[in-house]
Each structure stands twice: as structure tokens, then as C-alpha cells.
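The letter at position 33 of the sequence shown is residue 33 when you use full-length UniProt numbering, and the numbering goes up by one with no holes. Glycine included, C-beta positions come from ideal geometry on N, C-alpha and C. Just so we're clear, the structure is a prediction, and the values are computed from it rather than from any experiment.
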Amino acid sequence: CALKRVREEMGLTNVEIMVPFVRTLGEASQVIDLLAANGLKRGENGLRIIMMCELPSNAILAEEFLEYFDGFSIGSNDLT
1 CALKRVREEM GLTNVEIMVP FVRTLGEASQ VIDLLAANGL KRGENGLRII
51 MMCELPSNAI LAEEFLEYFD GFSIGSNDLT
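Dropping the structure here:
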């Protein structure tokens with residue numbers, strides 16, 4: 001995985017993952033599991049995984065989504 005190589009081999013641990021358009025908590029779980037299966041585990045070597053907050057459900061269920069993600073990027077165009 002290119003991102004894993006960038007973080008581990010090149011030492012660019014400031015590179016984080018931002019996941020767009022997560023509609024449900026089930027999708028959140030799936031994407032986190034898929035990333036982990038490919039060697040990108042949340043918290044490992046300081047890896048932060050951020051979710052783009054683009055849907056009303058993301059804002060309504062923010063606390064629940066934070067069980068899977070380290071933070072949000074607010075898509076103000078999408079939520080206005």
C-alpha cells in the first residue's frame with residue numbers, strides 16, 4: 001500500500017487518511033476494518049483517520065462516528 005510505504009519507509013508520519021462520504025456506522029466499521037486489513041491501523045505509529053462530515057447523519061451521529069474516526073472535516077458546501 002502506497003500510504004503505508006510513505007508513512008513507514010519515508011517517515012512521513014504526518015500523512016493521515018481522510019475518508020469521504022461515510023453514510024452509516026456500518027460503513028464506518030467496514031472502512032476501518034478494510035484499512036486495518038491492509039496494514040493501516042488507526043492509532044498505530046500515530047495514524048489518524050479522519051472522516052469527511054458531508055451528510056446530516058454525520059452531524060447527528062457525530063459521537064457514534066468518533067468511535068471509528070479520530071476527527072472530522074466539515075464539508076460546509078454539503079451541509080448548507
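Residues Val31, Met51 of the same chain have their beta carbon placed closer than 6 angstroms to that of Val19, with the five preceding and five following residues left out of the count. DSSP lists no bridge partner for Ser57. Contact check for Glu67 against Leu25 passes: the beta carbons are separated by less than 9 angstroms.
Taking a C-beta distance under 9 angstroms as the contact criterion, Leu55 and Asp70 do not qualify as a contact pair.
Sorting Ile74, Lys4, Glu9, Asn14 by C-alpha distance to the C-alpha of Ala37 places Lys4 at the top.
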